[in-house]
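Shown next, in structure tokens, is the structure this report addresses.
As structure tokens, then:
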């Protein structure tokens, strides 16, 4: 499975990669901005996108909306990653059409299991 990890914070990407490196069937690609994610997704056609909510420029919601407007990326499951954990905010992300929400800070050793749980695999 090809996974696109989108976060403007290099440290978060590194921690996530540590947690996902023991899942050899996953091919992880990284993007540090919403625009880079849009460009990379068009080229790489990922099976899953892990999308940070708070990024400069295109934030998570704006990036999500652009993914959904593009026929090539509209059906890719997207899991938001956020430190905003108010119940109404999490529900709002799901109402947008996100497959799920991973709350930061996350346990890198449990990240793959959390993702698989959201995906139902």
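Residue numbers (our numbering): 101 to 221.
By construction, the Cβ of each residue, glycine as well, lies at the ideal position given by its N, Cα and C atoms.
Keep in mind that this is a model prediction, so the values were computed, not measured.
By the 16-neighbour rule on beta-carbons within 10 angstroms, residue 155 is buried. When the five nearest sequence neighbours on each side are left out, the beta carbons in the same chain lying within less than 7 Å of the beta carbon of residue 130 are those of 105, 113, in order along the chain.
Judged by pairs of C-beta atoms under 8 Å, the segment 194-206 touches the segment 167-186, as three or more such pairs exist. One Cα belongs to residue 161, the other to residue 210, and the distance between them is close to 25 Å. Per DSSP, residue 181 is one residue of the beta strand (DSSP E) stretching across 178-182. When DSSP reads this structure, residue 200 sits in a beta bridge with 179. Distances from the alpha-carbon of residue 212 to those of 120, 196, 201 put 120 closest.
Counting only runs of 4 or more residues that sit fully inside the segment 102-143, the alpha helix (DSSP H) segments are 110-120, in chain order. Between residue 164 and residue 196, the C-beta gap is smaller than 8 Å, which places the two residues in contact. For the pair residue 140 and residue 217, the Cα-to-Cα distance works out to about 25 Å.
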